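848 is the number of the first residue of the sequence shown in our numbering; add one for each residue after it. Cβ coordinates follow ideal geometry from the N, Cα and C atoms, glycine included. Quick caveat: nothing in here was measured; it's all calculated off a predicted structure. Notes for the one structure printed next.
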Amino acid sequence: MDRSAPEPMALQPDADGQWVRRWTGDDWFAEADGWVRERLAAAGTVVSGAPVPYKIRFWAAVWCYPTDHGLFWFKENNPGQAFEAALVGAMAQALPQHVVAPLAIDPERGWLLTADQGLTLADQGETDWRRLVIEYAEFQRDTIAVRDALLAGGLTSLEPSRLPDAVQRIADWFTDLADDHPLRPDPATLSGVRRAVDAMSEVGKRLPGVVPMALDQNDLHARNVFRPDPEGPFRFFDFGDAVWGHPFATLATVREDVDESIVTEYLEQWSDLAPLDVLRQELELAEPLHAVHRMVSWHRLLEHADEIECAAWTEHIEHWLRELVRTYGSASA
């Protein structure tokens, strides 16, 4: 059954910032709309209704197009996450069983056009977390063999040797902010971020362990997974936050939604590499890296944000900065 185009989501306080103004402006829309219609036409598809500006935030613009072949979704990312188009294109080639293959991409402009996949897992009722973590672990393991292809489009590598530099760039960015900038940290927080740089060096000495680095979607939840066919595999989507790093960091994202048996199920998908007790030890070391992965994702965006955008999302950004400091930068860490 064809779905109707959704209502647009309300704009947020970042609406006056440079990116939302760009993505709601006539000039940008004319260029993007022309590309979408051209790509659809090449596939024998005709736009049948007014495009909907479904979700516009400073990190991305998502538009929905009604067509004679159902809905299509167009996305442009903030430059800090523009790699997503190339990443999804590479995964569609190398790992088509795990992702939603786009109809078209423009890697240079970070444009992505995808056919509607129906309801997400979150919209289908109770989530089968056991199956989800099993298939996600399979997906992660399959990315290991195609590492170079996934990194080629600009995906951030957070392999152990790169962790100190990544956190150092975060520390430098916050240190260089003007005193009246909405995200300027207090001196204690800045000191904590600097201590986290040293902590990353120690973590890097203990990793990699028995588990190789892989893709971390860095935003795993039931709203980022489709099940187009009840008997078919899950399809993962929305990779704007993704990094290449320790795969176990993912589990921090779902901890509040699953019990320990689901965590064990996930670890068992790696048990050919080491016994479960060894994997649990590695999980204890790697899962806290989620704070680094999330802060790196925000930092990629902040490098291209204006003060209006920074102020609009202060609460979220400061949360992950505090988590980074709490985990790796406290005086007792």
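Residue(s) in a DSSP beta bridge with residue i
i: CYS911; result: VAL899 and TRP920
i: LEU1062; result: TRP1091
i: SER1004; result: TRP1091
i: PHE930; result: According to DSSP, which records beta bridges pairwise, PHE930 is partnered with nothing at all.
i: ARG904; result: ALA907
i: VAL946; result: PHE1083
i: VAL1040; result: Partner(s): none; VAL1040 has no beta bridge.
i: PHE1073; result: THR967 and ARG1082
i: VAL894; result: THR914
Contact set for residue i: own chain, Cβ-Cβ below 7 Å, skip 5 residues either direction
i: THR1174; result: PRO1135 and ALA1138
i: GLU1112; result: ARG977, VAL980 and ILE981
i: GLN944; result: PRO1080
i: ASP989; result: LEU942 and HIS945
i: VAL1044; result: PRO1011, VAL1014, GLN1015 and ALA1018
i: MET848; result: Low confidence applies here, because MET848 scores a pLDDT of 48, under 50, leaving its location unreliable; read the following figure in that light. Answer for MET848: no residue qualifies.
Residue j beta carbon less than 7 Å from that of residue i
i: LEU1010; j: MET1047; result: yes
i: ARG994; j: GLY1176; result: no
i: ILE952; j: HIS1146; result: no
i: THR961; j: TRP906; result: no
i: PHE1083; j: VAL1072; result: yes
i: ASP861; j: GLU1156; result: yes
i: GLU1150; j: GLY864; result: no
i: THR1097; j: ASP1066; result: no
i: GLN940; j: PRO1075; result: no
i: VAL893; j: ASP915; result: yes
i: HIS1093; j: ALA1133; result: yes
i: THR1036; j: VAL1143; result: no
i: LEU1114; j: LEU1120; result: no
i: CYS911; j: ALA852; result: yes
i: ILE903; j: VAL867; result: yes
i: TRP875; j: ARG869; result: yes
Close beta carbons around residue i, own chain, < 8 Å, minus the five adjacent residues each side
i: THR1161; result: PRO1029 and LEU1030
i: GLU854; result: VAL899
i: LEU950; result: ARG886, LEU887, ALA890, PHE919, LEU960, THR961 and ALA962
i: THR967; result: ALA1069, ARG1070, ASN1071, VAL1072 and PHE1073
i: ALA999; result: ALA933 and ALA937
i: ARG1127; result: LEU1114
i: ILE991; result: PRO1059, MET1060 and ALA1061
Cutoff 6 Å; reference residue i; Cβ partners in own chain excluding five residues on either side
i: GLY1001; result: PHE930
i: MET1181; result: Residue 1181 is absent from the structure shown; the chain starts at 848 and stops at 1180.
i: LEU1054; result: PRO1007
i: GLY1056; result: GLU1129
i: LEU1148; result: TRP906, ASN925 and GLY927
i: GLY917; result: ASP849 and ASP963
i: PRO913; result: ALA852, SER895 and GLY896
i: ASP1088; result: ASN1065, ASP1066 and SER1144
Bounding residues of the beta strand (DSSP E) (the contiguous stretch that carries residue i)
i: TRP958; result: 958-962
i: ASP953; result: 951-953
Element boundaries [alpha helix (DSSP H), containing residue i]
i: PHE1081; result: That residue, PHE1081, is in no alpha helix (DSSP H); it is neither H nor E in DSSP.
i: TRP976; result: 976-991
i: PRO1055; result: Per DSSP, PRO1055 belongs to no alpha helix (DSSP H) and is neither H nor E.
i: VAL1014; result: 1010-1022
i: SER1108; result: 1107-1115
i: GLN859; result: Taken as a continuous stretch (DSSP letters only), GLN859 belongs to no alpha helix (DSSP H), as it is neither H nor E.
i: LEU1132; result: 1123-1133
i: LEU998; result: 994-998
i: GLU1103; result: Taken as a continuous stretch (DSSP letters only), GLU1103 belongs to no alpha helix (DSSP H), as it is neither H nor E.
i: ARG1031; result: Per DSSP, ARG1031 belongs to no alpha helix (DSSP H) and is neither H nor E.
heavy atom of the ligand FAD below 6 Å from residue i C-beta
i: LEU998; result: The model depicted lacks the ligand FAD and carries no ligand whatsoever.
Interface flag, residue i vs chain B, CB-CB below 7 Å
i: LEU1120; result: Of the chains in the structure shown, none is chain B; there is only one protein chain.
Checklist line | Entirely enclosed alpha helix (DSSP H) segments - the segment 1136-1160, minimum 4 residues | finding: 1137-1149 and 1154-1159
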